[in-house]
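Asks: To start, I am sharing the structure in question, which I have written as structure tokens.
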Amino acid sequence: MIEKQYLANRIANANEAELVAIVYEGLIDSLKDGIDFLSINAEDRFNKSIEKSREILAELLSTLEGNTEIANNLRSLYFYINQLITDASIKKDAEKLELAIKVITPVYEGWKELGAREGGKDSEDAPQGPQIVAGITYGKGQLNDYVVNNDSKWKKG
């Protein structure tokens, strides 16, 4: 449950490049799960991780538009990874999944770095944080409220 809340928070606070990196991260995680499930002969769980990997690849593929060089290269890469996943599924070969991870990791790292760079920009549109913060403290037999303004000093509310 905590992991889902953490992921939801990451998604809610991510810029566009970070969102793409999160999708790649999900693909890599599901491929790693497939390797783990193969090692313990958990075929049902392995098949679910393979299915999840294919769904993520399909989503990535659906986002590609046009016939630009980048779109065509990514399309080819996704088809290759899908072929590796298919081979791994048929032959129960963890090495194919490891190769898929090795192929997609540099793309993931590129999107992750781009997201970090975009996150570091100081833009006028970016939220600057709260202008006023309020808090409540409990004293013996009383309730006190305080407010901090832009001058960073707590004042009784």
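Per the numbering used here, the sequence shown starts with residue 172, numbered consecutively.
Even glycine gets a Cβ: it sits at the ideal position worked out from N, Cα and C.
(1) When DSSP labels each residue in this structure, what does residue 264 get in the three-state scheme?
(2) Any idea what DSSP makes of residue 211, helix, strand or coil?
(3) Excluding sequence positions up to five away, which residues of its chain have a Cβ less than 6 angstroms from the Cβ of residue 201?
(4) Between which two residues does the alpha helix (DSSP H) holding residue 185 run?
(5) Out of curiosity, what's the CA-to-CA distance linking residue 256 and residue 290?
(6) Label residue 189 either buried or exposed according to how many other C-beta atoms from any shown protein chain fall within 10 Å of its C-beta, with 16 as the threshold for buried.
(7) Can you have a look at residue 275 and say buried or exposed, based on whether 16 or more other CB atoms are within 10 angstroms of its CB?
(8) If the criterion is Cβ atoms closer than 8 angstroms, does the pair residue 194 and residue 235 meet it?
(9) Taking just the CA atoms, how far does residue 185 sit from residue 191?
(10) Going by Cα to Cα distance, which pick from 233, 238 and 264 is closest to residue 205?
(11) So is residue 173 buried or exposed if we call it buried at 16+ other beta carbons inside 10 Å?
(12) Please determine, among 262, 245 and 254, the residue with the shortest C-alpha to C-alpha distance to residue 282.
(13) Helix or strand or just coil, what does DSSP make of residue 235?
Replies: For this structure:
(1) Taking the first residue of the sequence shown as position 1, residue 264 is located at position 93. In the structure shown, residue 264 sits in coil (DSSP, three-state: anything other than H, G, I, E or B).
(2) On the sequence shown, residue 211 is found 40 positions in, with the first residue counted as 1. Three-state DSSP puts residue 211 in coil, outside helix and strand.
(3) Position 30 of the sequence shown, counted from the first residue, corresponds to residue 201. Here the set comprises 220, 223 and 224.
(4) What you label residue 185 is simply residue 14 of the sequence shown in a count that begins at 1. No alpha helix (DSSP H) holds residue 185; DSSP gives it neither H nor E.
(5) The count along the sequence shown starts at 1 and reaches residue 256 at position 85. The count along the sequence shown starts at 1 and reaches residue 290 at position 119. If I take the Cα positions, the gap works out to 33 angstroms.
(6) Along the sequence shown, one-based indexing puts residue 189 at 18. When all chains shown are included, residue 189 counts as buried.
(7) In the sequence shown, counting from the first residue as 1, residue 275 sits at position 104. Residue 275 is buried by the Cβ-count criterion.
(8) If you number the sequence shown from 1, residue 194 lands on position 23. If you number the sequence shown from 1, residue 235 lands on position 64. No, the pair does not count as a contact, with Cβ atoms beyond the cut-off.
(9) Position 20 of the sequence shown, counted from the start, is the residue given in the question as residue 191. Position 14 of the sequence shown, counted from the start, is the residue given in the question as residue 185. Near 9 angstroms, if we compare the C-alpha coordinates of residue 185 and residue 191.
(10) Counting from 1 along the sequence shown, the entry for residue 205 is found at position 34. The option with the nearest alpha carbon to residue 205 is 264.
(11) Indexing the sequence shown from 1 puts residue 173 at position 2. Per the 10 Å Cβ criterion, exposed.
(12) Position 111 of the sequence shown holds residue 282. Measuring from the Cα of residue 282, the nearest candidate turns out to be 245.
(13) Here the question's residue 235 lines up with position 64 in the sequence shown. Correct three-state label for residue 235: coil.
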